[in-house]
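Asks: In the working numbering, the protein residues as written are 5 to 303. Glycine included, C-beta positions come from ideal geometry on N, C-alpha and C. Note that the structure is a prediction, hence the values are computed from the model and not measured. Structure provided below as structure tokens; questions to follow.
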């Protein structure tokens, strides 16, 4: 059973107590909208890289039920597409960069920004086992272009009982330089009957990186100005990801043992003896216990 731990948009963590969904048992040959909604909710909550595994579990649970017919190909395909779009995994399959009409200035910014993001992704998401990608698109509404940078990375290591994904979405107005973004982090660990997911959505404070310099046909000088602008953009993205996300997560992990994870445990275990959560106390006991082994002190 998954118990989510969700930081708020400001990086503060809010623990959500588990909620039990109850649905009326379907009679033979009868399906309700609640049944479809329940199955959809379970599949959409699939951890990173585990949609197919959760789908097989659901199939197994429904194999002897009248609800097994719910998992028809079109129904599953629609949920899979929604899940991939929600978590950002569809970015891995998207290689094309959106066009911006005939606006050469915006086109020049996009080409430079795409190259800069290629370098950024290769530098920041190059650890073994990590798959990462990004797309840069542009949309013009009311004559004002808006550039969107979407990034996604995942590391699926089910052999070692964990998986995680990272999604970033940043919007920039090239004419004004205004930029904002949102980062979503998902982590899942399961071992020794434990099953915990972490969902973290962080919206950093919007800022301004300056307008994209217009093209003036200056050749190398023009490319240099755009390169400097794109470095400002990727530098701001890196600052957000390091300061607003990684630092917040590090602080949360340091206190998690005495706060959020502690609340997941029984107050009084089966032994009727309260668990001592003081790590130092356990280390002292282990050290003192080791001192009774006289074999360790023989010369």
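#1: State the CB to CB distance for the pair residue 167 and residue 52, rounded to an integer number of angstroms; the pair is presumed to be in contact (CB under 8 Å).
#2: Tell me residue 193's beta-bridge partners as DSSP assigns them.
#3: Under a three-way DSSP split, which group does residue 145 fall into?
#4: Return yes when the C-beta of residue 181 is under 7 Å from any heavy atom of the ligand ADP, and no when it is not.
#5: Looking only at its chain, what residues have a beta carbon closer than 6 Å to the beta carbon of residue 170, apart from the 5 residues adjacent to it on each side?
#6: Check whether the stretch 202-218 touches the stretch 247-263, taking contact to mean three or more Cβ pairs, one atom from each stretch, closer than 8 Å.
#7: Across the stretch 68-76 and the stretch 123-143, are there enough close Cβ pairs to call them in contact, namely three or more that are closer than 8 Å?
#8: Tell me whether residue 262 sits in a helix, a strand or coil according to DSSP, three-state version.
#9: Residue 63 and residue 75: beta carbons closer than 8 Å?
#10: Which same chain residues, not among the five before or five after residue 249, have their C-beta less than 6 Å away from its C-beta?
#11: Considering only their Cβ atoms, is the gap separating residue 155 from residue 133 smaller than 8 Å?
#12: With a threshold of 7 Å on Cβ separation, who are the neighbours of residue 96 within its own chain once the five nearest residues in sequence on each side are excluded?
#13: How long is the line joining the alpha carbons of residue 235 and residue 116, rounded to whole angstroms?
#14: Assign residue 206 to one of three DSSP states: helix, strand, or coil.
#15: Do residue 183 and residue 237 have their C-beta atoms within less than 8 Å of each other?
#16: How many angstroms separate the CA atom of residue 153 from the CA atom of residue 211?
#17: I need the straight-line Cα distance from residue 114 to residue 92, nearest angstrom please.
#18: Suppose the cutoff is 8 Å on Cβ atoms and the five residues either side in sequence are ignored; what does the same chain contact list for residue 119 look like?
#19: Are the CB atoms of residue 80 and residue 59 within a distance shorter than 8 Å?
#20: For residue 112 versus residue 219, is the C-beta distance shorter than 8 Å?
#21: What does DSSP give as the partner residues of residue 158 in its beta bridges?
#22: If distances are taken between C-alpha atoms only, which option among 56, 89, 262, 90 comes closest to residue 77?
#23: Under the three-state reduction of DSSP, which class applies to residue 231: helix, strand or coil?
#24: Residues in the same chain with beta-carbon distance under 8 Å from residue 44, minus the five sequence neighbours each way, listed in chain order, please.
#25: Anyone know if the C-beta pair for residue 208 and residue 185 falls short of 8 Å?
#26: Enumerated in chain order, which unbroken segments of the alpha helix (DSSP H) with a length of 4 residues or greater are wholly contained in the stretch 55-130?
#27: Sort 246, 247, 284 by Cα distance to residue 262 and report the nearest one.
#28: Alpha carbon to alpha carbon, how far is residue 162 from residue 143?
#29: Based on Cα-Cα distance, which residue from 246, 192, 231 lies nearest to residue 123?
#30: Among 37, 46, 165, 239, which residue has its Cα nearest to the Cα of residue 195?
#31: For residue 215, collect the residues of the same chain with a Cβ closer than 7 Å to its Cβ; drop the 5 residues on either side in sequence, then sort them by chain order.
#32: Measure the C-alpha to C-alpha separation of residue 149 and residue 98 and round it to an integer number of angstroms.
Replies: If we stick to the structure as given:
#1: 5 Å
#2: 166, 200
#3: strand
#4: The ligand ADP is not part of this structure, which contains no ligands at all.
#5: 157, 189
#6: yes
#7: With a cut-off of 8 Å on Cβ pairs, the stretch 68-76 is not in contact with the stretch 123-143, counting fewer than three such pairs.
#8: coil
#9: yes
#10: 187, 206
#11: no
#12: 135, 137, 156
#13: 9 Å
#14: strand
#15: yes
#16: 16 Å
#17: 21 Å
#18: 234
#19: yes
#20: yes
#21: 135, 169
#22: 56
#23: helix
#24: 83
#25: A contact, by the Cβ cut-off of 8 Å.
#26: 55-66, 77-91, 108-128
#27: 284
#28: 38 Å
#29: Ranking 246, 192, 231 by Cα distance to residue 123 puts 231 first.
#30: 165
#31: 178, 179, 180, 181
#32: 21 Å
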